[in-house]
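In the working numbering, the protein residues as written are 119 to 451.
Glycine included, each C-beta is placed from N, C-alpha and C at the ideal position.
Every value quoted in this text rests on a predicted model; they were computed, and no experiment measured them.
So the structure is just underneath, and the comments pick up after that.
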């Protein structure tokens, strides 16, 4: 038994959706395997997850579609889109298809609370391990396209050292409070923000190198998640990791980081009562091996994903607080 057989077995019969929710299993399978490469453990976890959650099955009868563009933003056409993606991969090669989708539709990177990007990134990570996971990459691309929701991008640039202070000032804008008071759902709030001219003019991105942009986002998100344990912020962090994994597929990674920054700020603005600029004072002394073992023993799929993300980001950026947020999720404290 291989990890590709486990992931492909479930991916062939399960859609990316559970009603209005997202099927996290393909992402959880890869993340669990990466933090603890135990095939039997991943197989058992998959069985438990599938029994516990009512994942929508893949349709066996569906409309045939001629182009990816026809599928854009229509989740009901997932199976139709998957046929097209598989054919394109056969004709053009997997890297070319990933490159085309990401550079044609970069404003969709935060669709479905960043899950489209996360699943594609995990699919690519899996494909690097076992080429049989080309099918998971195809499924992830079909999900990215059919779940597409277009974001916007800020154009005003600020220095990285001013980032958190600007975030604090930005949250007190009267029109932001008005939108929060008038809309209850995350999706409605995001739409209102992206359609607000004043919001788009006053929003900002970081003027700096790729690393400065990424570190600024991590320095913002890590303590806010530690303080709030908010699931939206967790997905901002795992989404950032996903974008980094996919970096080489983007023609202009600087521009993509600006889109990502806009999306993250907008998701943060859609959450009320967050505290910015706080520091984490209670640091864990546990090793990553210990934390990964703990994560592999819990049923919480977000604890598994956040541990995987935090471990990978810490290897790249050496931020000790990443251990703290992973452990925070594992312990549910």
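- Task: Please name the residue in 184, 142, 192 whose C-alpha comes closest to that of residue 168.
- Result: 142
- Verify whether the separation of the beta carbon atoms of residue 352 and residue 308 is less than 8 Å. no
- Query: Which same chain residues, not among the five before or five after residue 378, have their C-beta less than 8 Å away from its C-beta?
  - Reply: 227, 228, 335, 357, 358, 361
- Item | Beta-carbon proximity list for residue 274, same chain, < 6 Å, skipping 5 on both sides | 322
- Task: Report yes if the C-beta distance between residue 189 and residue 235 is below 8 Å; otherwise report no.
- Result: no
- For the 8 Å Cβ check, are there 3 or more pairs between the segment 239-250 and the segment 278-286? no
- Query: Which residues bound the beta strand (DSSP E) around residue 280?
  - Reply: Run containing residue 280: none; DSSP gives neither H nor E here.
- Query: When you compare only the Cα positions, how much space is there between residue 403 and residue 211?
  - Reply: In this structure, the alpha-carbon of residue 403 lies about 45 Å from that of residue 211.
- Check whether the Cβ atoms of residue 266 and residue 223 sit closer than 8 Å, and answer yes or no. yes
- Message: I need the straight-line Cα distance from residue 181 to residue 205, nearest angstrom please.
- Response: A direct Cα-Cα distance of roughly 16 Å separates residue 181 from residue 205.
- Per DSSP, what kind of secondary structure is residue 449 in: helix, strand or coil? helix
- Flag this pair as yes or no: are the beta carbons of residue 422 and residue 146 separated by less than 8 Å? yes
- Item | residue 237 versus residue 294: straight-line alpha-carbon distance, rounded | Residue 237 and residue 294: Cα-Cα distance of roughly 31 Å.
- Where residue 125 falls, given that 16 or more other Cβ within 10 Å makes a residue buried: By the neighbour-count criterion, in which 16 or more other beta carbons inside 10 Å mark a residue as buried, residue 125 falls on the buried side.
- Item | Which of helix, strand or coil DSSP assigns to residue 119 | coil
- Message: Once the 5 residues before and after residue 161 are set aside, which same chain residues still bring their CB inside 6 Å of it?
- Response: Correct list, in chain order: 124.
- Item | Neighbour-count burial assignment, residue 410, 16 or more Cβ in a 10 Å radius | Result: buried.
- Starting from residue 368, follow the beta strand (DSSP E) in both directions and report where the run begins and ends. Unbroken run through residue 368: none, as it is neither H nor E.
- Should residue 253 be labelled buried (16 or more other beta-carbon atoms within 10 Å of its own) or exposed? Residue burial annotation: residue 253 is buried, with at least 16 other C-beta atoms found within 10 angstroms of its C-beta.
- In terms of residues, what are the limits of the beta strand (DSSP E) holding residue 138? Here residue 138 belongs to no beta strand (DSSP E), and DSSP marks it neither H nor E.
- Item | Close beta carbons around residue 304, own chain, < 6 Å, minus the five adjacent residues each side | 388
- residue 241 and residue 251 look like a contact to me (Cβ under 8 Å); what is the Cβ gap, rounded to whole Å? That belief holds up - the Cβ atoms of residue 241 and residue 251 are roughly 7 Å apart, short of 8 Å.
- Query: If you count every other CB in all the chains shown that lies within 10 Å of the CB of residue 138, and 16 or more means buried, which is it?
  - Reply: Exposed, by the Cβ-count rule.
- Message: Please report whether the beta-carbon of residue 412 lies at a distance below 8 Å from any beta-carbon of chain B.
- Response: In the displayed structure, chain B is absent; only one protein chain is listed.
- Message: On the DSSP bridge list, what partners appear for residue 323?
- Response: Per DSSP, 275.
- Just checking my contact of residue 439 with residue 398 at CB under 8 Å: how many whole Å lie between their CB atoms? Right, their Cβ atoms sit about 5 Å apart.
- Message: Less than 8 Å between the beta carbons of residue 495 and residue 318, yes or no?
- Response: Within the shown structure, residues of the chain are numbered from 119 to 451, placing residue 495 beyond reach of any answer.
- What residue from 365, 448, 367, 418 has the CA that sits closest to residue 406's CA? 448
- Query: Span of the alpha helix (DSSP H) holding residue 217?
  - Reply: 212-222
- Message: Which residue marks the beginning of the alpha helix (DSSP H) containing residue 409, and which one marks its end?
- Response: Annotation: the continuous alpha helix (DSSP H) that includes residue 409 extends over 406-414.
- Roughly how many angstroms lie between the CA atoms of residue 380 and residue 272, to the nearest whole one? Approximately 6 Å between the Cα atoms of the pair.
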